[in-house]
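Chains as they are written, first to last, in our numbering: chain A, 64 to 175; chain B, 454 to 567. From the three backbone atoms N, C-alpha and C, an ideal C-beta is built for every residue, glycine too. Since we're looking at a predicted model, the values are computed, not measured. As structure tokens, the structure follows; a few thoughts come after it.
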Amino acid sequence: GENVEQHPSTLSVQEGDSAVIKCTYSDSASNYFPWYKQELGKRPQLIIDIRSNVGEKKDQRIAVTLNKTAKHFSLHITETQPEDSAVYFCAARGNQGGKLIFGQGTELSVKP
Amino acid sequence: ETGVTQSPTHLIKTRGQQVTLRCSSQSGHNTVSWYQQALGQGPQFIFQYYREEENGRGNFPPRFSGLQFPNYSSELNVNALELDDSALYLCASSFGGGIQETQYFGPGTRLLVL
């Protein structure tokens, strides 16, 4: 069935370092890959997304890369700040209309 | 913040009861998706409504049902509540009901079943 695997489950970095979160997906027909940030008790917030006709997308300190052949995509956060601390979810569009399949989440902790 | 709203914010029910959750989509959006997020996990797709019709359903039993109104707001109904239904229920608003539209989440309704 459709599946998205996300690693690592927890990630601790020092302020100013980079953080990388990786996801793999199973459905080769998936063509849209959003990333969401969820702070404790709050809604998932879209931070960046990429479509399958693009290999990389960047927005200030955040970038996402996509390798369609290997069916994996990654989130890169540079110059991390304490306010980047949250749970990050990757997702892939499934084969039913607008269905999003989410990874299990990565809890990022940025230590000052 | 998105323009997506949900009500109520919190709800406590007992096993066997029924519950209705509500979602108002962002202005200009015609598609609402519902997700269940258990503690410590990623959201799980329940179903999507596009122009008042169901447009895809996840692996949830028939006691999870929904509808969408002409103003594109939506309801999620859960009958015969079970303890495992305790979760955060999120709706997401988007436009198009198609394959590549971006989804924006509401704040969620936290349901506790005792």
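Item                                                                                                                                                                     : Value
Measuring only the C-alpha atoms, how far is Ser148 of chain A from Asp80 of chain A?                                                                                    : 13 Å
Strictly below 8 Å CB to CB, what residues from chain B border Pro107 of chain A?                                                                                        : Pro496, Leu543, Phe558
For the beta strand (DSSP E) holding Pro560 of chain B, just list the boundary residues, first then last.                                                                : Counting along the chain, Pro560 of chain B falls outside any beta strand (DSSP E), and DSSP gives it neither H nor E.
Any beta carbon from chain A within less than 8 Å of Thr458 of chain B's own beta carbon?                                                                                : no
Show which residues of chain B have a CB atom less than 7 Å away from the CB atom of Phe177 of chain A.                                                                  : Absent from the model: residue 177 of chain A. The displayed extent of chain A is 64 to 175, so no value can be given.
Closer than 9 Å by beta-carbon distance: list the chain B residues that pair up with Gln167 of chain A, in chain order.                                                  : Gly493, Gln494, Gly495
Which first and last residues belong to the beta strand (DSSP E) in which Leu474 of chain B is found?                                                                    : 472 to 477
Take Ala133 of chain A and list the residues in its own chain whose beta-carbon comes closer than 6 Å to its own, dropping the five residues that flank it on each side. : none
Can you check which of these residues, A:Lys100, A:Glu119, A:Gln108, is closest to Gly456 of chain B by C-alpha distance?                                                : A:Gln108
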